[in-house]
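Everything below concerns the one structure shown next.
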Amino acid sequence: MKYINYDAEGDILSLTFLEAETHTGIELSDNIVFYYNPETEESLGLVLLSYRALLQASVHKPLPLDGLARAPKNVQQVVVSLLQRAPVTNFLQLVEMRNKKFPASRLSQVFSPSALQAVA
7 MKYINYDAEG DILSLTFLEA ETHTGIELSD NIVFYYNPET EESLGLVLLS YRALLQASVH
67 KPLPLDGLAR APKNVQQVVV SLLQRAPVTN FLQLVEMRNK KFPASRLSQV FSPSALQAVA
């Protein structure tokens with residue numbers, strides 16, 4: 007883990023695992039963006055918008071990663087593979103959804119918004 011940044015005012019959690027000159031961002035859902043290096047297939051980071059709402063919503067039911075369905079099949083395969091490995095799995099776990107073409111996720115409650123606010 008390289009950086010963790012929580013913007014309390016905007017309720018945005020940014021996680022940077024690695025830095026790279028080459029990176030691609032994919033919108034997994036309206037509020038979750040995943041960054042990776044397509045050349046090395048390494049996870050670079052996650053940005054979680056409206057973090058508090060995402061955390062609460064993922065407790066009740068998995069969050070659909072419907073944005074992934076819009077990506078080309080080869081990108082979907084790479085991204086799903088990366089989402090199933092550390093360091094991403096420390097923060098987000100994929101959940102298989104029946105009758106869905108895309109996976110869903112649950113957020114790990116690694117950081118509570120109040121703890122992040124105290125640090126920020």
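FYI, the numbering for the sequence shown is 7 to 126, going by the numbering used here.
Positions of the beta carbon are idealized from the N, C-alpha and C atoms, including for glycine.
What you are looking at is a predicted structure, and each value in this text was computed from that prediction instead of being measured.
Across the structure, residue 58 and residue 48 are spaced so that their CA atoms are roughly 27 Å apart. The alpha helix (DSSP H) runs of length 4 or more contained entirely in the stretch 60 to 105 are, from start to end of the chain, 79 to 89.
The secondary-structure analysis by DSSP pairs residue 11 across a beta bridge with 20. Distance from the Cα of residue 26 is smallest, within the candidate group 46, 78, 52, 61, for 46. Listed in chain order, the non-local C-beta contacts of residue 60 below 8 Å within the same chain comprise 37, 38, 54, 69, 113, local neighbours out to five positions each way being set aside. With 16 or more other Cβ atoms from the protein chains shown falling within 10 Å of its own Cβ, residue 35 counts as buried. Residue 19 places its beta carbon less than 9 Å from that of residue 12.
Non-local beta-carbon contacts of residue 44 in its own chain, meaning distances under 6 Å to residues more than five positions away in sequence, involve 30 in chain order.
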